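All residue numbers for the sequence shown refer to numbering that gives the first Met the number 0, where the first residue is 0 and numbers rise by one.
Heads up, the beta-carbon is just placed ideally off N, CA and C, and yes, glycines get one too.
For clarity, every value in this text was computed on a predicted model and none was experimentally measured.
Data first, discussion second: the structure below is written as structure tokens.
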Amino acid sequence: MGIEDFLSSGNPRLDQQLKFSAEIDKMTEVYRRTMLISGVRNENDAEHSWHIAVMALLLKEYCVEEPNVERAIKMCVVHDLIEIYAGDTFAYDVAGNASKAEREEAAADKLYSQLPPEQGAELRALWEEFDAMETTDAKYAACLDRTQPLLHNTLTEGHTWRNNGAVRSQVEARAQIIKEFMPEV
């Protein structure tokens with residue numbers, strides 16, 4: 000039985016939403032370079048997004064501006080969905096980052112067009128807001144997106160940084176938003 004057989008409820012909107020829900024399961028197959036704290040393997044995008052969404056519930060008290068935690072959690076959950084099609088780009092990969100915006104825009108077009116229009120527009124707007132890092136909520140989500148791999152790398156003795164040639168100046172530059180928006184962290 001294929002997904003088309005299963006998803007024929009007679010409600011086209013529901014079918015579209017369920018197909019999208021099945022499609023985003025592919026996040027579990029997008030592996031990042033960050034090693035799990037246990038050291039058994041690299042984490043996947045779904046694990047990373049879940050982890051920072053939980054962190055959003057915990058760490059708002061350290062922000063210099065009060066974020067809307069619900070909006071920040073939404074951004075945490077959706078910020079890497081486009082990597083289903085664009086792939087994960089390692090934060091310190093200069094060459095990969097050169098084409099990242101173009102790949103991610105194309106991926107966003109493909110992904111969010113699979114939803115009912117208003118839902119696709121809402122999720123895309125959350126992703127774009129996160130990516131721009133201009134609002135309080137986006138800054139909070141971006142800080143968490145950067146704090147979580149710092150935590151992993153610290154607890155794995157810099158495994159990902161060492162194995163992928165990241166240098167201290169790159170890590171510090173990427174962490175600058177944390178210093179500004181969540182200085183205690």
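> Quick one: what's N43 bridged to in DSSP?
Replying inline: Paired residues: Y30.
> Is the distance from the Cβ of L110 to the Cβ of I81 below 8 Å?
Replying inline: For L110 and I81, yes; Cβs fall inside 8 Å.
> Is T153 helix, strand or coil by DSSP?
Replying inline: Reduced to three states, the DSSP call for T153 is helix.
>> Could you tell me the alpha carbon to alpha carbon distance between L57 and Y139, rounded to whole angstroms?
In response: Those two C-alpha atoms are separated by around 12 Å.
> Where in the stretch 55-94 do unbroken runs of the alpha helix (DSSP H), each at least 4 residues long, occur, reported from the N-terminal end onward?
Replying inline: Scanning the stretch 55-94 for uninterrupted alpha helix (DSSP H) segments of 4 residues or longer gives 68-77 and 82-85, listed from N- to C-terminal end.
>> Tell me which residues share the same chain as A85 and place their Cβ nearer than 6 Å to its Cβ, disregarding the 5 neighbours each side in the sequence.
In response: Listed in chain order, the non-local C-beta contacts of A85 below 6 Å within the same chain comprise R102, E103 and A106, local neighbours out to five positions each way being set aside.
>> Within the continuous alpha helix (DSSP H) that includes N162, where are the two ends?
In response: Where N162 is concerned, the enclosing alpha helix (DSSP H) stretches over H158 to N162.
> Excluding the five sequence neighbours on either side, which residues of its own chain have a C-beta within less than 8 Å of the C-beta of V184, listed in chain order?
Replying inline: Excluding residues within five positions, the ones whose Cβ falls inside 8 Å are L58, Y61, C142, T146 and I177.
> In angstroms, rounded to a whole number, what distance separates the CA positions of L150 and Q169?
Replying inline: Whole-angstrom Cα-Cα distance: 16 Å.
>> Quick check on the DSSP output: the alpha helix (DSSP H) that includes K99 runs from which residue to which?
In response: Run containing K99: K99 to Y111, per the alpha helix (DSSP H) assignment.
> What number of angstroms, rounded off, separates the C-alpha of E179 from the C-alpha of E133?
Replying inline: Spanning the two alpha carbons is a distance of roughly 13 Å.
>> Let me make sure I understand the geometry here. Which of E69, G38, D44 and D92 has the alpha-carbon closest to that of A137?
In response: The residue among E69, G38, D44 and D92 with its C-alpha nearest the C-alpha of A137 is E69.
> Which of the three DSSP states, helix, strand or coil, is assigned to I36?
Replying inline: If DSSP states are grouped into helix, strand and coil, I36 belongs with coil.
> Taking C-beta to C-beta, are P115 and R12 nearer than 8 Å?
Replying inline: Contact: yes.
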